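The structure appears right after this line, and notes come after that.
In the numbering used here, the protein residues as written are 27 to 248.
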């Protein structure tokens with residue numbers, strides 16, 4: 027470092043002596059050193075100011091990004107809540123419609139005469155650590171029907187109903203001696219749902235106007 031400084035001083039003195047062929051005096055050397063130091067200080071100050079300006083712009087940009095990101099997250103959350111609210115309301119409407127219609131009807135469906143009708147039955151088994159909820163249960167002395175209710179039925183729902191049966195048997199052991207029927211009720215059915223239900227032996231329960239139409243042609247006892 028000392029060698030570099032010495033070299034700079036030597037170049038300064040050399041330049042002074044070549045400007046006007048006059049010897050470099052200590053005063054002139056000091057004056058040039060001070061001017062060089064001032065210029066270096068100004069350059070350093072300018073560099074620091076540019077860095078400070080860049081940091082401020084970066085922080086401002088990041089703050090704007092964070093603000094816009096938070097606003098976007100809030101809007102997405104509001105949309106999701108609205109969609110979930112609509113889906114929940116539709117599901118509740120479907121459950122209420124089918125339960126009320128079946129409960130107020132003769133309850134002679136699936137080839138059986140049921141005398142009891144329950145909705146939203148929740149059970150859990152601490153022993154097997156499972157939980158379940160049945161949308162509609164129809165009960166008689168000899169038979170029980172578990173009806174899954176959807177606002178819009180999808181093809182996968184048929185298999186989901188079959189997959190739930192082992193847990194249903196565990197959660198409702200008192201019904202196991204009865205004939206067990208499975209049904210899928212929905213306000214609308216995607217393409218292929220009814221075929222999947224027929225192949226699985228699940229009854230189809232549809233809304234037609236203010237009434238309920240049941241297709242149990244392929245219904246089987248489980």
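The beta-carbon is built from N, C-alpha and C at its ideal position, and this holds for glycine as well.
Here the structure is a predicted model, which is why all the values come from computation and not from measurement.
DSSP three-state assignment for residue i, whether helix, strand or coil
| i | result |
| --- | --- |
| residue 136 | coil |
| residue 166 | coil |
| residue 91 | helix |
| residue 153 | coil |
| residue 243 | coil |
| residue 254 | There is simply no residue 254 to check, as the chain begins at 27 and stops at 248 in what is shown. |
| residue 70 | helix |
| residue 248 | coil |
Residue(s) in a DSSP beta bridge with residue i
| i | result |
| --- | --- |
| residue 237 | 234 |
| residue 148 | 159 |
| residue 124 | Bridge partners of residue 124: none, in fact. |
CB-CB length for residue i against residue j, believed under 8 angstroms
| i | j | result |
| --- | --- | --- |
| residue 207 | residue 136 | 5 angstroms |
| residue 211 | residue 178 | No, residue 211 and residue 178 are not in contact; Cβ-Cβ is about 12 angstroms, not under 8 angstroms. |
| residue 147 | residue 160 | 5 angstroms |
| residue 128 | residue 163 | With 8 angstroms as the limit, residue 128 and residue 163 do not qualify as a contact, their Cβ atoms being about 11 angstroms apart. |
Option nearest residue i by Cα separation, candidates the options
| i | options | result |
| --- | --- | --- |
| residue 141 | 122, 156 and 165 | 165 |
| residue 181 | 193, 172 and 217 | 217 |
| residue 209 | 150, 176 and 59 | 176 |
| residue 183 | 167, 121, 220 and 81 | 220 |
| residue 131 | 204, 76, 201 and 237 | 237 |
| residue 203 | 222, 171 and 223 | 171 |
Close-in-space but distant-in-sequence residues of the same chain around residue i (CB under 6 angstroms, 5 per side omitted)
| i | result |
| --- | --- |
| residue 241 | 230 |
| residue 233 | 213 |
| residue 117 | 177 |
| residue 144 | 163 |
Check: residue i C-beta below 7 angstroms from any heavy atom of the ligand COA
| i | result |
| --- | --- |
| residue 237 | Absence of the ligand COA from the depicted structure is noted, as is the absence of any ligand whatsoever, leaving it without description. |
Cβ neighbours of residue i in the same chain (closer than 8 angstroms, five flanking residues each side left out)
| i | result |
| --- | --- |
| residue 196 | 151, 154 and 156 |
| residue 248 | 191, 206, 207, 208 and 227 |
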